[in-house]
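To convert a position in the sequence shown, counted from 1, into my numbering, add 202.
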Amino acid sequence: MGIEQVIVFSLLLILTLFFFVVIMDYMVPLYLDFEFNGICRSYALLIEAQNGLDEDQKNSFIEALKKRHVTVTQIECSVPSHIKKGDWIHFSVVAENSRSVFKALFERETKTYVYKFTQEIVSNKASN
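Here you go:
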């Protein structure tokens with residue numbers, strides 16, 4: 203193996219690692235968005251079944267998102283006091299995640315990604 207082959211192999215290895223890191227910078231926010239939407243959908247089903255969230259469920263929802271390093275900035279779950287079966291419930295969540303991404307070849311910057319989930323839910327249970 204000549205010195206030319208070692209240099210070419212080293213450059214290709216460095217280039218491959220660089221592309222891998224750049225692709226990961228783009229894929230992690232997409233993956234977090236899929237997880238965020240999945241968690242929000244599961245709690246939307248819970249809201250539909252129970253006509254809202256109590257404080258323990260709301261705290262467990264926030265903790266589930268914190269485990270994924272997502273900070274909840276707003277949760278809105280508008281449930282009327284005397285809801286009838288078939289009434290609409292508005293469920294909205296806004297969260298954000300800050301992470302370091304590539305700015306230039308040897309520079310990184312902190313970027314904040316905002317995740318939003320909004321769903322109109324039909325109540326399935328009548329409350330007294």
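Just so you know, even glycine gets a beta-carbon here, dropped at the ideal spot from N, CA and C.
Check: For N299, the residue or residues it bridges with in DSSP; Outcome: Y315
Check: Helix, strand or coil at R270 [DSSP, three-state]; Outcome: coil
Check: Closest Cα partner of K268 within the set K313, E237, S244 and E278; Outcome: E237
Check: DSSP-derived helix/strand/coil call for V224; Outcome: helix
Check: CA nearest to the CA of F220, picked from C279, E309 and A266; Outcome: E309
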